[in-house]
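Chains as they are written, first to last, in my numbering: chain D, 1 to 347; chain V, 348 to 694. Glycine included, C-beta positions come from ideal geometry on N, C-alpha and C.
Protein chains: 2
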Amino acid sequence: MTEHRLLRRSTLEDVAREAGVSLATADRVVHRRDGVREKTIRRVEAAIAKLGYRPNAAAASLSRNKTWRFAFMLPANSNAFIANLAEQVERTSDWLTGQNGFIDVMRVDVFDPVTLAKALWDLPAVYEGVAVVALDDARVRAAMDDLVARGVHVVTLVSDAPGSRRANYVGIDNPAAGRTAGSLMGRFLRGQKGFVGIITGSLSLRDHAERHFGFRQVLSAEYPDLVGLPPAEGRDDSARNHEIARALLAQHPDLVGIYNAGAGNEGIAAALREAGAGRDIVWIAHELTGDTRRLLLEGTIAAIINQDPGHEARSAARILLALCTGQLIYPDQERIRIEIFLRDNLN
Amino acid sequence: MTEHRLLRRSTLEDVAREAGVSLATADRVVHRRDGVREKTIRRVEAAIAKLGYRPNAAAASLSRNKTWRFAFMLPANSNAFIANLAEQVERTSDWLTGQNGFIDVMRVDVFDPVTLAKALWDLPAVYEGVAVVALDDARVRAAMDDLVARGVHVVTLVSDAPGSRRANYVGIDNPAAGRTAGSLMGRFLRGQKGFVGIITGSLSLRDHAERHFGFRQVLSAEYPDLVGLPPAEGRDDSARNHEIARALLAQHPDLVGIYNAGAGNEGIAAALREAGAGRDIVWIAHELTGDTRRLLLEGTIAAIINQDPGHEARSAARILLALCTGQLIYPDQERIRIEIFLRDNLN
DNA sequence: CTGTTAGCGCTTTCAC
DNA sequence: GTGAAAGCGCTAACAG
């Protein structure tokens with residue numbers, strides 16, 4: 001019925017006494033440092049097992065009295081999602097302070113591989129960890145690999161560079177996000193025939209390209225009555241997207257859906273407003289922001305696919321810290337979900 | 348471009364020196380303990396502000412050298428969701444150990460108010476916190492309030508008792524979850540007319556009743572072509588749900604959807620199998636488990652509304668710990684999301 | 001290869 | 001009202 005636990009945790013001192021060695025030797029074994037006889041190691045390990053010893057993280061952190069410095073490289077050109085992300089990094093920074101960690105935020109033009117690679121090369125040597133909104137480019141990968149070679153822990157954030165030596169990717173599975181959008185589109189347009197407009201920021205951005213791929217895959221495989229139009233590139237810009245959406249509506253009287261894999265949703269909203277209530281379009285967008293939230297509540301957007309920037313920021317910081325201190329990483333806790341928001345489950 | 352931060356955090360010792368008082372007095376001010384002259388308080392507070400002092404949580408935890416004991420009261424009759432929850436509490440317990448916290452798990456028949464109230468009354472006085480899968484009943488609320496009066500921190504988990512004095516509810520907004528299911532049902536059945544079967548475990552369970560309420564609300568307000576049938580109570584039991592679903596299918600040739608607000612989905616799957624491929628039913632269920640995951644991948648279940656038991660367990664533990672130590676709670680991080688899973692965004 | 005020891009920042013007890 | 005000092009569990013520098 002009830003399962004009880006020990007009350008006093010055994011300490012390293014207990015382990016040392018049990019094994020008949022000193023504190024320092026016990027510590028060496030715990031940290032797998034060498035310079036300990038095989039036989040002694042076994043004695044200590046037996047004591048650890050017997051006493052169920054678990055290190056006291058607070059004490060370790062206190063005595064180490066080391067601070068960690070992390071650089072977060074975020075895109076300079078800020079849309080609403082990036083602004084949210086930056087704010088969440090700021091909050092995470094507050095939390096990290098309590099763990100002796102410090103975050104410096106840098107804003108870089110991540111869309112230019114040369115600039116981004118240079119920023120990585122030029123990174124002051126004071127950082128033990130870097131979280132970067134990456135770009136999947138050979139020069140960028142090389143710069144990241146160089147940091148790793150210098151002993152800096154690197155994680156990619158939101159956008160990955162799979163061929164690199166980064167320790168972790170903190171972000172969603174973008175092909176799956178596209179498929180999710182495709183399935184919602186297909187379901188919501190059940191029984192209808194027509195064209196679906198597809199807008200991306202740029203197909204040279206890995207995440208946008210992957211979303212487009214996943215979306216189209218589901219549409220063509222499972223909803224043959226819905227035809228995905230060739231993707232338009234709006235550079236995440238509202239004005240461009242306004243033009244694109246206006247043209248889609250004008251050129252395709254039988255347009256039944258729009259999927260925007262990128263940002264710049266206000267322009268699409270404007271085009272739909274101009275088209276009037278006569279056009280009943282199922283619109284699926286990404287990222288919950290002030291604008292998209294309002295459009296979702298109004299019923300203009302049918303569903304939003306979201307990644308939680310708060311979770312991403314905290315996760316990146318936790319992982320960097322764990323990499324530095326050798327703590328365990330809990331993959332479950334760090335997996336970034338593909339969230340679906342309808343009007344009804346907004347927070 | 349780059350924003351830098353201080354490297355050495357100022358300590359309480361720095362604050363004391365700056366204010367011209369002793370460590371002990373500075374500590375008294377930080378913790379708002381009395382026995383300090385008003386003027387001294389102001390001096391110390393000025394020093395804190397000037398130095399940007401933030402307490403070092405690790406040092407505090409170490410010096411306090413106190414362990415916390417929490418009781419988690421989980422339902423005795425275990426369905427797959429509760430089994431997941433129990434497993435996640437176990438994992439959380441591992442993590443808590445590192446924070447000097449210990450969890451005792453108790454399995455109680457939470458469906459019987461008298462038993463649950465008695466279990467709360469009889470709780471040994473060793474616990475400084477309790478997380479309980481509650482039941483919204485006067486006796487249970489009274490027992491919880493009594494614990495609170497004795498200085499025990501109480502949070503409700505998964506199922507709330509709003510009238511009580513519990514500090515927090517860790518779980519989803521169930522009316523909103525029901526509305527979410529209703530909107531998905533309406534969207535997925537766009538353009539169709541017919542009946543929708545509704546199954547709950549029991550309408551006397553607050554969460555099930557609330558989900559039913561939200562679901563029906565959306566259906567009747569926005570999808571008048573879909574008529575929700577009176578709710579059947581299957582007690583979260585597969586065999587009963589099998590009967591219920593079989594009867595629904597037999598009695599309503601124009602049944603187009605099924606919403607199960609509770610557990611016991613295998614029975615529904617069996618009834619649908621028997622009915623054969625001729626019946627195309629949109630089925631929406633709750634909680635991602637081995638069974639429902641498989642049914643979702645197969646296409647039998649159209650969507651799953653989920654609450655993350657891992658998040659719930661960790662959140663309950665973090666909140667209890669924060670209540671005990673006076674640390675800040677970050678509401679954003681603790682909000683339990685109403686998650687929507689389609690085949691495409693599974694994990 | 002192993003042991004001794006100072007000290008991390010804070011809490012708490014006791015003394016004045 | 002205020003201060004001095006011991007000590008939490010661990011790490012790291014140094015000694016042997």
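- Task: Excluding the 5 residues preceding and the 5 following residue 20 of chain D in the sequence, name in chain order all residues of the same chain whose CB lies nearer than 8 Å to its CB.
- Result: 43
- Task: Can you check DSSP and say which residues form a bridge with residue 547 of chain V?
- Result: V:580
- Query: Mind pulling the alpha helix (DSSP H) runs of 4 or more residues that sit fully within the segment 436-487 of chain V?
  - Reply: 460-468
- Item | Interfacial residues, the segment 330-346 of chain D to chain V, with Cβ spacing under 9 Å | 330, 332, 333, 335, 337, 338, 339, 340, 341, 342, 343, 344, 345 and 346
- Message: Checking the sheet assignment: what are the DSSP bridge partners for residue 503 of chain V?
- Response: V:479 and V:516
- For the alpha helix (DSSP H) holding residue 320 of chain D, just list the boundary residues, first then last. 309-325
- Partners in chain V for residue 98 of chain D, counting only beta-carbon separations shorter than 9 Å: 401, 402, 403, 404, 405 and 674
- Message: Determine whether the beta carbon atoms of residue 409 of chain V and residue 100 of chain D lie at a separation below 9 Å.
- Response: no
- Task: Name the one or two DSSP bridge partners that residue 416 of chain V has.
- Result: V:449
- Message: Contact criterion: CB-CB distance below 9 Å. Does residue 182 of chain D meet it with respect to chain V?
- Response: yes
- Query: What is the residue span of the alpha helix (DSSP H) that residue 48 of chain D lies within?
  - Reply: 38-51
- Contact under 9 Å by Cβ, residue 348 of chain D with residue 119 of chain D: Any property of residue 348 of chain D remains undetermined from this structure, which presents chain D solely from 1 to 347.
- Query: Any residues in the segment 536-562 of chain V with a beta carbon nearer than 9 Å to a beta carbon of chain D? Which ones, in chain order?
  - Reply: 536, 537, 538, 539 and 561
- Simplified DSSP state of residue 6 of chain D, which is helix, strand or coil: Note on residue 6 of chain D: pLDDT 45, under 50, position unreliable in the model; the coordinate value appears next. Reduced to three states, the DSSP call for residue 6 of chain D is coil.
- Message: Distance cutoff 9 Å, beta carbons only. Does residue 414 of chain V sit that close to anything in chain D?
- Response: yes
- If you check the beta carbons only, do residue 685 of chain V and residue 515 of chain V fall under 9 Å apart? no
- Which of helix, strand or coil does DSSP assign to residue 331 of chain D? helix
- Is residue 635 of chain V buried or exposed, if buried means 16 or more other CB atoms sit within 10 Å of its CB? buried
- Item | chain V contacts from the segment 161-180 of chain D (Cβ-Cβ distance under 8 Å) | 176, 177, 179 and 180
- Message: DSSP three-state label for residue 605 of chain V, please.
- Response: strand
- Message: Starting from residue 339 of chain D, trace the beta strand (DSSP E) in both directions and tell me its first and last residue.
- Response: 339-341
- Message: List, in chain order, every chain V residue whose beta-carbon is nearer than 8 Å to that of residue 62 of chain D.
- Response: 403, 405, 406 and 409
- Task: Determine which residues of the segment 298-318 of chain D have a Cβ less than 9 Å from any Cβ of chain V, and write them out in chain order.
- Result: 302, 303, 305, 308, 310, 311 and 314
- Should residue 186 of chain D be counted as a contact of the ligand FAD given a C-beta to heavy atom distance under 8 Å? Looking for the ligand FAD in the displayed structure turns up nothing, as the structure carries no ligands at all.
- Any C-beta of chain D sitting closer than 9 Å to the C-beta of residue 461 of chain V? no
- Item | Expected contact under 8 Å - CB spacing of residue 639 of chain V and residue 648 of chain V to nearest Å | 6 Å
- Task: Starting from residue 293 of chain D, find everything on chain V with Cβ-Cβ shorter than 8 Å and list it in chain order.
- Result: Correct list: empty, because the minimum Cβ distance to chain V is about 15 Å.
- Task: Run the CB neighbour count on residue 687 of chain V, radius 10 Å, all protein chains shown included, and call it buried at 16 or more, exposed below.
- Result: buried
- Query: Got a sec, what are the start and stop residues for the beta strand (DSSP E) residue 226 of chain D sits in?
  - Reply: 226-228
- Taking the continuous beta strand (DSSP E) assigned at residue 282 of chain D, which residues delimit it? 282-286
- Task: Assign residue 555 of chain V to one of two classes, buried (16 or more other C-beta atoms within 10 Å of its C-beta) or exposed (fewer than that).
- Result: buried
- Item | residue 591 of chain V (DSSP reduced to helix, strand or coil) | helix
- Task: Tell me whether residue 360 of chain V is buried or exposed, calling it buried when 16 or more other Cβ atoms sit within 10 Å of its Cβ.
- Result: exposed
- Item | Which of helix, strand or coil DSSP assigns to residue 421 of chain V | strand
- Hey, is residue 565 of chain V's beta-carbon within less than 9 Å of any beta-carbon in chain D? yes
- Message: Along the segment 273-293 of chain D, where does the CB come closer than 8 Å to a CB of chain V? Name the residues.
- Response: none
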